[in-house]
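*Asks:*
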Amino acid sequence: MAEIEFFAQVPERMRRYRFGLQTADFLLCSNCGVYIGAVMTGDQGTFGIVNLRALAAPLENMAPVVAVSYAGEDRDSRITRREQRWAKARFAA
1226 MAEIEFFAQV PERMRRYRFG LQTADFLLCS NCGVYIGAVM TGDQGTFGIV
1276 NLRALAAPLE NMAPVVAVSY AGEDRDSRIT RREQRWAKAR FAA
């Protein structure tokens, strides 16, 4: 499984936002407003996802894009889906 490490050159510019079910922190740059990615921590560890459009260069060997319908998804099924599809994640010190 892939692993993501989030690193901010200016940590005070990284903002976290939580939507309705509050299952993950969505990471935003407070300087330019770009959506960087999202991270969640639960019983199975910390998982994250990156907004590929926020990267300077595309990554090689990326998994294909899969459409997801969130209709009727409850809190537990959302967390399970993310644990299965998102990469293990951590924040650099």
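Straight run, no breaks: the sequence shown in the working numbering ends on number 1318.
Think of the CB as a built atom: it goes at the ideal place given N, C-alpha and C, for glycine as much as any other residue.
For Asp1301, name the three-state secondary structure that DSSP assigns.
*Replies:* Translated into positions along the sequence shown, residue 1301 becomes position 76. Reduced to three states, the DSSP call for Asp1301 is helix.
*Asks:* Is the separation between the beta-carbon of Gly1273 and that of Ile1229 shorter than 8 Å?
*Replies:* Translated into positions along the sequence shown, residue 1273 becomes position 48. Translated into positions along the sequence shown, residue 1229 becomes position 4. For Gly1273 and Ile1229, yes; Cβs fall inside 8 Å.
*Asks:* Between which two residues does the beta strand (DSSP E) holding Val1275 run?
*Replies:* Locating residue 1275 in the sequence shown gives position 50, counting from the first residue. Its beta strand (DSSP E) spans residues 1270–1275.
*Asks:* Ala1281: buried (16+ other C-beta within 10 angstroms of its C-beta) or exposed?
*Replies:* Within the sequence shown, the letter at position 56 stands for residue 1281. Per the 10 Å Cβ criterion, exposed.
*Asks:* So, for Arg1300: in the same chain, excluding its five sequence neighbours on each side, which residues have a beta-carbon less than 7 Å away from its beta-carbon?
*Replies:* Translated into positions along the sequence shown, residue 1300 becomes position 75. Same-chain partners within the cutoff: Leu1246, Thr1248.
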